[in-house]
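In this text, residue positions in the sequence shown follow the numbering used here: the first is 299, and each later residue adds one.
Single-structure report; data block below.
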Amino acid sequence: MHVNTIRYRVTPDGYIDHWLVAGPTDQDWMPEGGSLDSRSSSALPEPSYVETFTRPVEWEPPLQVGAEAHRWMYRRSLADHRLDLADTHAEPVLRRYWLYAEVLPGHQSELALVVEAVGQVTLWVNGSEVEAECLKGDGSSERFRFALPRHKGTLRLFLELRAFVYGAWPGCLSACLEPHVGSARINLPTAVDPERRLGLEAVIGDFVLDRHVYSRTDPITLRWPADYDRTAILGINLRRPGGATYVEVMQAEVKAETEHVLNMDFTGPDGRYRLTVKPHLQEYYEENQRVECVQDVYVIDHVFEQTPEQEDEDRMQRLLQAAFRHQEHSYRELAVLQRPGEEPDRRLLEDCIRTLSEGSADAETAFLALWQMGRDLEGRRDQEGLAILDGCWSRYLPSTVIDGVEKKPVRGFLACVCQILAGRQEPSAKFVGFDGRLGADLAREGIALAQAWMVNRLARGFAGCESEVEQSLILLGCSCLAEGCGDEDLANLSLMLIDRILFGVACGSYRGVYGLASTGADTDSVLDARLGALAPVAYGAWGLGNPNEHVETPVALARSGYEVPTVIRDLGLFVPDAAWSQERFAWASAPGADDFNGEEVHRVAWRTADGMLSCLPNYRVGEQGHRELVWQAVLGVAAKVHVNFPVRMSMDDAVPRNFWRGNARLPRVVQWRDVLMAFHQAGPGDHLGFTHAHFSVHAFAETTIQEHWAFARHDTGWLGLYAANGLELITAGPSAGRELRSPGVDNTWLCLIGGEASGEDFDGFCRRLENTLIVAPDIVSIANVQGQTVSCGSAVPLKVGGEPVDLAGDLHLDSPFCRAPYPATELTIQGPGNRSLELVFG
299 MHVNTIRYRV TPDGYIDHWL VAGPTDQDWM PEGGSLDSRS SSALPEPSYV ETFTRPVEWE
359 PPLQVGAEAH RWMYRRSLAD HRLDLADTHA EPVLRRYWLY AEVLPGHQSE LALVVEAVGQ
419 VTLWVNGSEV EAECLKGDGS SERFRFALPR HKGTLRLFLE LRAFVYGAWP GCLSACLEPH
479 VGSARINLPT AVDPERRLGL EAVIGDFVLD RHVYSRTDPI TLRWPADYDR TAILGINLRR
539 PGGATYVEVM QAEVKAETEH VLNMDFTGPD GRYRLTVKPH LQEYYEENQR VECVQDVYVI
599 DHVFEQTPEQ EDEDRMQRLL QAAFRHQEHS YRELAVLQRP GEEPDRRLLE DCIRTLSEGS
659 ADAETAFLAL WQMGRDLEGR RDQEGLAILD GCWSRYLPST VIDGVEKKPV RGFLACVCQI
719 LAGRQEPSAK FVGFDGRLGA DLAREGIALA QAWMVNRLAR GFAGCESEVE QSLILLGCSC
779 LAEGCGDEDL ANLSLMLIDR ILFGVACGSY RGVYGLASTG ADTDSVLDAR LGALAPVAYG
839 AWGLGNPNEH VETPVALARS GYEVPTVIRD LGLFVPDAAW SQERFAWASA PGADDFNGEE
899 VHRVAWRTAD GMLSCLPNYR VGEQGHRELV WQAVLGVAAK VHVNFPVRMS MDDAVPRNFW
959 RGNARLPRVV QWRDVLMAFH QAGPGDHLGF THAHFSVHAF AETTIQEHWA FARHDTGWLG
1019 LYAANGLELI TAGPSAGREL RSPGVDNTWL CLIGGEASGE DFDGFCRRLE NTLIVAPDIV
1079 SIANVQGQTV SCGSAVPLKV GGEPVDLAGD LHLDSPFCRA PYPATELTIQ GPGNRSLELV
1139 FG
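Below, the structure written as structure tokens:
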């Protein structure tokens, strides 16, 4: 085999962005002491240098690790110089990657390699292991410094990354030469023609999409630039992650102004798909030009309903049909069991039990799926299915001790629910994961813990557990408790908590689109309402929204027979002329613990007939962020706008502070009705050097982007977005057409909404914003739709019409639909008519 080299440059600031990567390989592994919550790299096993090490070559020959063979594949770091390895893996495993690059420093000065990674890194240079000096990391990753040996020629760098992966893993690795050697070169050994390879690499990465969420009627269109000077024949496919391919284009010619349209005429489940562009079949498989560009896209089969058109029973059937199409999902079987004459797939029952036995990160939802299946199988008198479940409750009940759910409020609550239901199922059995305690004792303990936690949520709110996924999971747990806890008081409390959450969804949505700011958000839901976990819940409850891949809670509510109170259903459909709301929440802890440090979170929202604006005023200003969405504006299903201060280029939800969610440092945010201001300031820690807005041009009927202002119109609503450091619409890469970027870290953003209901047209709205904005060194002011001057600064109080405004209200809930003290003992929910609903829980 003749070996060539593909040549790249080290970046001017010393980063090695090009690697050959082998792996990953996963092995079942439990840290010492049996705690799945232990992620300390010091607990990882020793690295295993491959004794039969030969010079890696792209694709051939493979790296042999025990009985496994791993091909060396080319991987390039993202723009933040990190290899994106983020992933979610349900079972606890030891994950290993291997990386290789040949570096020609260009001179013989003393060099070091500084590596940042999520996990433990070992380095060999020219076959010899190099000792690591551990540096201070940022808490989510670790940093190592390796002093490189003096060497006249090539430094052959061979790295092994080892990490404990359980649930969401924000995996990444970056490597930087110190001092920076801008003249250094990178050589990657390959058996293919390197010039052809570099040309293909450039073409494959140059396409753009105008959006990332598609309905079945929307073709996926890949576009190359109009002034493009390259040509190639490429292959394109669309497949489920780790699953079947649904669309395949064998030979797509690329040249200037090329557009390739993928036909979406296929039947597959809703959710995430991988769009892959690579060389055509002959070059990829026969000539081994193994380079590809992958982007995640979403395909949604159902239209997002913004006016209810179907009867309740029809909606339930659509939700069950959506679940039925997820062939490998345990909740699919629950949907099957709701259809007379359908036979369940008993293999999935066994898969659920296996998931529980392996200590999965999804153990609680799997357990609840199994429990619900058992109830339905009992109703069908399916003895064969019940035999599979016999005795599994006492053997596989998820333990709050071994998987660390005490640090995760919603998982802790679900664990209590599982404990109650399993204890009721086998009251005299000794439970393996609980030191042989009897089921009846566990049920009593679970009831006490769950009851206290639910009362706290009703009285003090949901801060720290109010993402769409978390709210949906609380609904799932409450639904199961109401059905099978065997305690009338606890069942009624569960139904009240369901009512309370649905009340929040109804009043926190604009025409079905959930629009509240939150201390924790799911990446998908902040970008497009069709992807949110609450969209199918609201669709089932009052007809606005759509079925999607979040099938657990809609199926559970559908089979439980829960009926939405008329008042809440009416509020879900009600569109107010204008409604201002303020909320005061406690930071939620897990069952059995006090709410954290007495910390409180405040939230405000402005909702009109034309749009919605919400924020967390003065939330942890200047602190390091996490998963928060500190403000957002909503004009439509995909017309969702927010700004964050990103830390990573990765868009994976496994990364807490990723490209679209979370902040390097939290800004000061204030809002008075239709006017929002956010003041970002620099601080210590990692960041990308810019703030940016999610602003999907495709989602709006009209947009105008200027030096500092961006204006948008959707239906009857208007939006104005201002950045003091200027705005640039990104037109290349995975965020093309949906990112407005503003350079620098000290920045001021403003967002204002308006619409036809105010009596102001779109042009007048834009003129008002431009003409009334005044920016001074320490304060910003602008006129709102009522003509009042709203002013504030990073260290200056919010004033409206010259009068100070305090956004930290005393009440738990303060809106036209509910006023309740903090903490509350009862809630009176007022519908849009004369009806009201009383929830008494104190």
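Backbone N, C-alpha and C fix where the C-beta goes; we use that ideal spot for every residue, glycine too.
Three or more Cβ pairs drawn from the stretch 970 to 978 and the stretch 1032 to 1051 lie within less than 8 Å of each other, which places the two stretches in contact.
Inclusion of Asn1023 and Arg966 in the CB contact set at 8 Å is not warranted, their separation being larger than that value. If you look at Phe1060, you'll find it in the alpha helix (DSSP H) that goes Phe1060 to Thr1070. Inclusion of Leu459 and Ala399 in the CB contact set at 8 Å is not warranted, their separation being larger than that value.
At least 8 Å separates the beta-carbon of Phe444 from that of Cys432. Around the C-beta of Thr851, 16 or more other C-beta atoms lie within 10 Å, and the residue is accordingly described as buried. Taking a C-beta distance under 8 Å as the contact criterion, Gly818 and Arg925 qualify as a contact pair. Scanning Leu793, Ala377 and Gly639 for the CA closest to the CA of His316 turns up Ala377. Per DSSP, Pro1114 has no beta bridge partner at all. DSSP places Asn846 outside both helix and strand once states are collapsed to three, so it counts as coil. In this structure, DSSP gives Thr303 an extended state, which the three-state scheme calls strand.
Runs of the alpha helix (DSSP H) lying entirely within the stretch 457 to 500, each at least 4 residues long, are absent. Assignment of Gly1140 by DSSP, reduced to helix, strand and coil, places it in the coil class.
Scanning Leu855, Ile531, Gly480 and Gly890 for the CA closest to the CA of Leu617 turns up Leu855. Using a Cβ distance threshold of 8 Å, Glu546 and Asn535 count as a contacting pair.
Secondary structure of Tyr526 (DSSP, three-state): coil.
The beta carbons of Asp951 and Thr821 sit closer together than 8 Å. Going by C-alpha positions, Arg679 is about 12 Å away from Met671. Its Cα nearest to that of Thr605, the residue Asp868 stands out among Asp868, Ile1028, Ala1081 and Ser1056. In the displayed model, Asp822 falls within a helix according to three-state DSSP. No Cβ-Cβ contact shorter than 8 Å links Leu842 with Arg798.
In the structure shown, the three-state DSSP call for Ser777 is helix.
Here the C-alpha atom of Gln969 lies approximately 30 Å from the C-alpha atom of Lys706.
Listed in chain order, the beta strand (DSSP E) runs fully inside the stretch 972 to 1042 are 973 to 978, 988 to 992, 1000 to 1003, 1007 to 1012, 1015 to 1021 and 1037 to 1041, counting runs of at least 3 residues. Classified as exposed, Tyr583 has fewer than 16 neighbouring CB atoms from the shown chains inside 10 Å of its CB.
By the CB criterion at 8 Å, Asn844 and Phe564 fall outside the cutoff.
Look at the beta carbons and you see the stretch 875 to 882 not touching the stretch 774 to 790: under three pairs across the two are nearer than 8 Å. At least 8 Å separates the beta-carbon of Trp751 from that of Phe801.
Here Val853 has Ala621, Tyr629, Leu632 and Ala633 as same chain residues with Cβ atoms under 6 Å from its own Cβ, once five neighbours each way along the sequence are excluded. According to DSSP, residue pairing for Thr906 in a beta bridge involves Ala876. By the Cβ neighbour-count rule, Asp568 is buried, with 16 or more other Cβ atoms within 10 Å of its own.
About 6 Å separates the beta carbons of Leu446 and Val423, which is inside the 8 Å limit, making them a contact pair. Put simply, of Tyr571, Ala757, Trp522 and Leu383 the residue whose alpha carbon is nearest the alpha carbon of Tyr544 is Tyr571. For Gln418, no alpha helix (DSSP H) segment is defined; the enclosing uninterrupted segment is the beta strand (DSSP E) at Gln418 to Val423.
Annotation: Arg373 is outside any alpha helix (DSSP H); the continuous beta strand (DSSP E) that includes it extends over Met371 to Arg374. Rounded to the nearest whole angstrom, the C-alpha separation of Gln723 and His848 is 27 Å.
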